[in-house]
Amino acid sequence: MESAGVKTADDTTANEGTAPEVGSRQSPRRPRIEPRSLVRPVVIAALVLLALLLIPSIFSLYYVDAWTQVAIYSIVTLGLGLLVGRVGMVSLGQGAVLALGAWVAARLLFATGLPYPLVLLFAGLITMVLGTLVGLPALRLSGLYLALITLMLAGAITVVLTTINFPNGGSGFTGYDGSTVHIPPIRRPSVATTDPAFFRYSMIVAIVMFVLVFFHIRGRPGRAWAAIRQSESAALAAGINTTFYKLWAFALASFVTGVAGGLVAGSFRYLNSLTFTTQDSITLLAVVLMGGAYSMTGAVIAAFLLKFLQALLNDWGVSPDWLTILFGIGVLQVLTTAPRGIVEQFPKDMARLGRLIAGLFRRRTPAAEPAE
Amino acid sequence: MPTWTDVEQFLVTGLSLGGVYALSGVGMVVLYRATGVLNLAFGAIGAFGAFIAWQLINHSSVSFWPAFAVAVLVGGLLTLAYGMVFGPALALRDPLVKATATLGLALILLGVMDLLWPSSGGASRALTVPTDNNTFQVGQISVTYTNVLALVLGLVVTVVAAAFLRFTKLGTAMRAMANDREITASLGVPVRRVTAAAWFGCGCLAGVAGVLLSDLVALDATALTFLVISTLAATLVGRLRSIPITFAAAIVIGVITAELTPISSLSTYRDMTPFVVAAIALLFLSRRRVISVGRQGV
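Chains as they are written, first to last, in my numbering: chain H, 114 to 485; chain Y, 78 to 375.
Here it is in structure tokens:
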């Protein structure tokens with residue numbers, strides 16, 4: 114950890130602000146991480162490929178839509194997990210950032226004929242600029258105060274979006290026309306107009322976002338964030354420009370969340386101010402903590418908890434309120450007993466269960482008894 | 078532009094709202110100072126108490142004041158139970174973790190309330206404080222005794238809490254614990270009992286605020302839960318420490334929010350007041366801080 118911190122300090126002063134050149138910097142260390150880094154990408158790629166091919170064909174349209182939501186929201190939980198887990202900044206306003214991204218994307222989709230990927234890119238960039246502008250002063254604060262100010266900002270953004278409403282094909286800056294009777298749906302990419310195609314599209318965008326964040330975490334920013342999370346003052350003493358890297362994390366999280374907002378616009382097709390609530394921001398934090406904020410798999414688990422369970426309970430006719438209660442219990446459980454979330458706790462619990470079962474069987478055979 | 082009568086009328090609304098925000102804010106500050114926990118479930122606890130009161134009044138034909146007392150007690154006991162179960166487990170963690178954990182409680186309560194008293198299906202509920210019916214005139218504006226009650230309660234709670242922390246033994250123990258829990262414990266202060274008192278007091282205030290806000294605003298789980306943000310804004314202006322500043326900020330936020338109502342161009346944005354006030358205050362207060370070190374953070 115310490116050597117990494119010092120190395121980061123050198124890097125930072127050498128060429129600050131340029132794009133991370135991950136490969137060249139890491140090449141001397143590559144042999145050490147090779148055995149692990151070969152197996153995991155292959156397994157993950159296989160799983161992703163399976164999901165891409167199988168999900169649209171084995172699930173009903175209802176569940177394909179649920180999986181689409183999982184893919185989209187995994188980008189949101191990825192962004193929040195980056196802030197919470199990597200940098201140690203708790204944001205209670207990611208739901209509002211997502212709403213902002215959806216608004217921008219919907220506005221662009223109604224106003225222009227730009228191809229969808231470009232709209233997503235612009236939605237991400239504009240959200241990034243807005244989110245960073247809003248977050249810039251907040252970054253002077255830390256810990257509890259940062260969390261509270263983001264909760265306030267989320268509230269403020271929600272008020273503004275409720276007032277100006279989501280675009281519905283009207284004219285003017287807000288693109289909202291209250292008198293419209295036939296609201297046109299928000300357009301989808303031409304290659305992905307059907308639900309299964311849109312699922313694949315969302316999935317691919319999500320993969321791109323995960324890869325983007327992965328390279329950030331593996332590279333210089335990731336090391337700087339790790340140092341900041343350990344101790345901000347130590348990071349500063351090691352020569353890391355903490356404000357710059359915190360801002361970078363904020364910008365990256367806003368960017369991916371904005372892109373996810375663009376996908377939300379295309380997936381819901383009709384947006385209104387009830388689509389996004391202040392409660393969403395809190396639920397998002399809850400699932401991120403439950404899934405495991407310290408890993409990227411945790412982000413997927415978080416999105417699964419948030420969106421797939423919701424669809425499942427809805428299908429079974431169970432009130433979604435039970436899910437809210439579950440998330441509340443989950444937050445308390447994670448914070449008191451399992452700070453690293455399901456992604457680390459579940460294998461541990463399974464291992465313990467396995468040992469327990471193995472122990473039970475061993476006890477039955479008398480030969481094994483003395484051995485214990 | 079609004080007429081002068083409008084300004085006066087909304088001043089009354091604003092002062093009573095501000096009074097409730099103030100008593101909530103004081104409840105949160107006292108708990109934070111004693112235990113380091115910022116209770117973000119304050120609004121949800123209050124809402125839960127208010128729903129219990131509503132249930133008693135409308136389905137068990139209990140009259141208002143006993144139901145009010147039950148709501149306050151429910152708030153207190155609920156908060157106390159949370160504090161006793163999760164307080165010790167999280168006692169040594171960062172304030173941020175403690176605050177996040179209370180969000181868990183808020184989510185549980187939100188879910189339970191929506192299960193028991195669903196808001197869908199057009200069911201609208203109202204909790205009316207009987208003092209609503211007694212009005213008196215000041216010049217051209219009418220004032221209900223609920224307005225008076227809210228402001229007076231806010232004022233009384235502020236003064237009592239400030240005096241309590243300053244002059245009583247229990248209050249001194251709470252302030253000592255805010256400084257250092259371990260040293261306070263080694264001096265022979267019964268830490269568990271002192272924190273329990275703080276949790277219970279905070280919960281009771283949540284119950285009071287919940288019932289009053291259901292009357293002044295609406296009996297709606299989500300709305301009441303997130304009204305905590307307005308209170309939070311006031312406590313932030315007081316840096317989670319100062320009781321008088323929290324009171325003043327709460328009154329200012331209440332009045333500005335209410336006074337924006339008659340101005341049509343700003344009316345829909347009036348709910349942003351607490352955020353704007355808190356953001357400006359926080360940025361102003363932290364203008365010299367570049368980095369913060371230590372467990373307490375800033």
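We put the CB at the ideal spot given by N, CA and C, even for glycine.
Since the model is a prediction, treat every value here as computed from it, not as a measurement.
{"Asked": "Assigned secondary structure, Tyr212(Y) (DSSP; H/G/I helix, E/B strand, else coil)", "Found": "Position check: residue 212(Y) holds Thr in this sequence, whereas Tyr was assumed. Strand at Thr212(Y)."}
{"Asked": "The segment 303-320 of chain Y / the segment 107-123 of chain Y touching (three or more Cβ pairs under 8 Å)", "Found": "yes"}
{"Asked": "Inter-residue spacing [alpha-carbon to alpha-carbon] between Val329(Y) and Ala295(Y)", "Found": "21 Å"}
{"Asked": "Beta-carbon gap between Met403(H) and Val369(H) smaller than 8 Å", "Found": "no"}
{"Asked": "Integer-rounded CB distance, given that Ala424(H) should sit under 8 Å from Ala179(H)", "Found": "3 Å"}
{"Asked": "For Ser341(Y), the first and last residue of its enclosing alpha helix (DSSP H)", "Found": "Ser341 to Ser344"}
{"Asked": "Contact between the segment 84-96 of chain Y and the segment 336-346 of chain Y (3+ Cβ pairs under 8 Å)", "Found": "yes"}
{"Asked": "Contact set for Thr166(H): own chain, Cβ-Cβ below 7 Å, skip 5 residues either direction", "Found": "A small correction: the amino acid at residue 166(H) is Leu; Thr does not occupy that position in the sequence shown. Counting only Cβ-Cβ distances below 7 Å, and skipping sequence neighbours, we find nothing."}
{"Asked": "Reduced DSSP secondary structure (H/G/I, E/B, other) of Thr221(Y)", "Found": "strand"}
{"Asked": "Within 8 Å of chain H by C-beta, residues of the segment 349-360 of chain Y in sequence order", "Found": "Met349, Pro351, Phe352, Val353, Ala355, Ala356, Leu359 and Leu360"}
{"Asked": "Contact set between Thr345(Y) and chain H, taken where Cβ atoms lie within less than 7 Å", "Found": "Thr276"}
{"Asked": "C-beta neighbour in chain H for Gly331(Y), strict 8 Å", "Found": "no"}
{"Asked": "Pairwise C-alpha distance: Gly331(Y) and Trp81(Y)", "Found": "18 Å"}
{"Asked": "The segment 260-274 of chain H touching the segment 298-315 of chain Y, judged by at least three CB pairs closer than 8 Å", "Found": "yes"}
{"Asked": "Arg138(H) - DSSP class collapsed to helix/strand/coil", "Found": "Only weak support is given to the placement of Arg138(H): the predicted model assigns it a pLDDT of 43, under 50, and the value that follows is read from those uncertain coordinates. In this structure, Arg138(H) counts as helix in the three-state DSSP scheme."}
{"Asked": "Where Phe363(H) sits in the DSSP three-state scheme", "Found": "helix"}
{"Asked": "Three-state secondary structure (DSSP) of Asp83(Y)", "Found": "helix"}
{"Asked": "Minimum Cβ-Cβ distance from Leu392(H) to chain Y less than 8 Å", "Found": "Correcting the residue type first, residue 392(H) is Gln in the shown sequence and not Leu. Closer than 8 Å: yes."}
{"Asked": "Burial state of Arg468(H), where buried means 16 or more other Cβ atoms lie within 10 Å", "Found": "exposed"}
{"Asked": "Span separating the alpha-carbon of Ala168(Y) from that of Phe87(Y)", "Found": "43 Å"}
{"Asked": "Where the alpha helix (DSSP H) containing Met265(H) begins and where it ends", "Found": "Gly256 to Ile277"}
{"Asked": "Short CB-CB distance (under 8 Å) between Gly441(H) and chain Y", "Found": "yes"}
{"Asked": "Limits of the unbroken alpha helix (DSSP H) element including Met202(H)", "Found": "From DSSP, Met202(H) is part of no alpha helix (DSSP H); its letter is neither H nor E."}
{"Asked": "Partners in chain H for Asp191(Y), counting only beta-carbon separations shorter than 9 Å", "Found": "Ser432, Pro433, Asp434 and Thr437"}
{"Asked": "Per-residue contacts from Leu182(Y) into chain H (C-beta, under 9 Å)", "Found": "Gly441, Val444 and Leu445"}
{"Asked": "Nonlocal neighbours in the same chain, by C-beta distance under 8 Å from Ala154(H), ignoring five residues either side", "Found": "Note on residue identity: the sequence assigns Pro, not Ala, to residue 154(H). Correct list: empty, nothing qualifies."}
{"Asked": "Burial state of Phe323(H), where buried means 16 or more other Cβ atoms lie within 10 Å", "Found": "buried"}
{"Asked": "C-beta atoms of Ala238(Y) and Val353(Y) nearer than 8 Å", "Found": "no"}
{"Asked": "Interface residues of chain H facing Leu178(Y) [CB-CB closer than 7 Å]", "Found": "First, the residue type needs correcting, since residue 178(Y) is Ala and not Leu in the sequence shown. Simply Val444, Leu445 and Leu448."}
{"Asked": "Sufficient close CB pairs (3 or more, under 8 Å) joining the segment 225-236 of chain H to the segment 353-361 of chain H", "Found": "no"}
{"Asked": "Members of the segment 302-322 of chain H near chain Y, C-beta cut-off 9 Å", "Found": "none"}
{"Asked": "Gly374(H) and Gly214(H) closer than 8 Å at C-beta", "Found": "yes"}
{"Asked": "is_contact[Asn164(H), chain Y] using C-beta, thresh 8 Å", "Found": "It should be pointed out that residue 164(H) corresponds to Ala in this sequence rather than to Asn. Taking Cβ atoms only, chain Y never reaches closer than 8 Å to Ala164(H), which makes this a no."}
{"Asked": "Start and end residues, alpha helix (DSSP H) containing Thr156(Y)", "Found": "Phe141 to Leu167"}
{"Asked": "Any chain H beta carbon closer than 8 Å to Phe163(Y)", "Found": "yes"}
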